[in-house]
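Undergrad:
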Amino acid sequence: MDTKRLAAASLAQDDPTGWFEQLYVAAADGAAIVPWDAADPNALLVDWLERHERADGGMRALVVGCGLGRDAEHLAGLGFRTTAFDISATAIKTARERFPASQVEYTVADLLAPPAAWTGAFDLVVESITVQSMPPSVRATATANVAALVAPGGDLLVIAGIRADDEEVDGPPWPLTRAEIDAFAGDDLHSVKVEQVAPAGRPDFIRWRAVFRRD
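Following this line, the structure appears as C-alpha cells:
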C-alpha cells in the first residue's frame, strides 16, 4: 500500500489524520506494512534516556503518536508511569495485543484536540516523528499541543527528520526545519539542547534530537 497516495486521498477530503487508521487496518489485515514500525525502540530515545540524569522511576511520561508501542514499552520498563496515545484505534488495539502484560496506559486520542486533563500533566513528553507525519496546514497546532502537555519542571524530547529551509518535500513525511523545531519553545518551555545526531552504526541516518524544559 502506497502511504503517500493514502495520505493524499485523506488530505483531499480535508482530513489530515484519517489515513493513519486506514494504514493500521490494512497492516492488521496483512495488506500493508507500517513504515515506522520497528523491532526496537527508537535508538535516539534509548541513548538519550541512558544519558539523562532525570530519568528516574515514578515520573509520568507521555508518548505522542505511539503507534505499536515500542517506545512506550521502553519507558515503562525504566519505571516511568507511561501513557501512550495514537489517533488510530487499530494501532492502540494492536499495541495492547502485542504487549498483553504491559504497564502502559494505551489510549486513543487526537493530537489536534488532546484531552484537557493532559495539559501540563507529564514530566516527560516524547514526540518522535509524529508532527512530521502531519501536513504543514496543521503543523502549528500540533506543535503547540505537544508543548502544552509538559508539566512544570518537565522535559519534552523531540526526534524528527531534518529539512533545509528552502527544501521542497512531497510528504508524508514532512521533516522539520530548524525554525519548526524552535517553535516547540514558548510559554516557559525553553530550549535546552538542539542537535543533529545519528544512531550508533547508522552515520547517514541523521535526525533532529531536541530537548525543551518547562520552568
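If you're matching positions, the sequence shown starts at 1 in the numbering used here and goes up one per residue.
For glycine and all other residues, C-beta sits at the position ideal for the given N, C-alpha and C.
First and last residue of the beta strand (DSSP E) that includes E127?
TA: F122 to S128
Undergrad: Would you mind giving the Cβ-Cβ distance between I159 and R209, rounded to the nearest angstrom? I have them listed as a contact below 8 Å.
TA: 5 Å
Undergrad: Beta-carbon separation of I206 and V194 under 8 Å?
TA: Not a contact, by the Cβ cut-off of 8 Å.
Undergrad: Rounded to whole angstroms, what is the Cα-Cα separation between P175 and S10?
TA: 19 Å
Undergrad: Which whole-angstrom value describes the C-beta separation of P172 and T17, a residue pair presumed to lie in contact below a C-beta threshold of 8 Å?
TA: Their Cβ separation, rounded to whole angstroms, is 11 Å, which puts P172 and T17 out of contact at 8 Å.
Undergrad: Using a threshold of 8 Å, state whether the C-beta atoms of I33 and A39 are closer than that.
TA: One thing to note: I33 has its Cβ no nearer than 8 Å to the Cβ of A39.
Undergrad: When DSSP labels each residue in this structure, what does Q132 get in the three-state scheme?
TA: helix
Undergrad: Which complete alpha helix (DSSP H) runs does the stretch 57-94 hold, if anything under 4 residues is left out?
TA: Considered as a whole, the stretch 57-94 harbours 70-77 as its complete alpha helix (DSSP H) runs of no fewer than 4 residues, in chain order.
Undergrad: Measuring straight from C-alpha to C-alpha, what distance separates S191 and E127?
TA: 15 Å
Undergrad: For A148, which residues of its own chain have a beta-carbon under 6 Å away from its beta-carbon, when the five flanking residues on both sides are left out?
TA: T119
Undergrad: Put Q103 into one of helix, strand or coil per three-state DSSP.
TA: coil
Undergrad: Just list the residues that DSSP pairs Q196 with in beta bridges.
TA: W208
Undergrad: Excluding the five sequence neighbours on either side, which residues of its own chain have a C-beta within less than 7 Å of the C-beta of A31, listed in chain order?
TA: Taken in chain order, the residues that qualify are M1.
Undergrad: Which same chain residues end up closer than 6 Å to H74 when comparing Cβ atoms and leaving out the 5 residues on each side of it in sequence?
TA: P41
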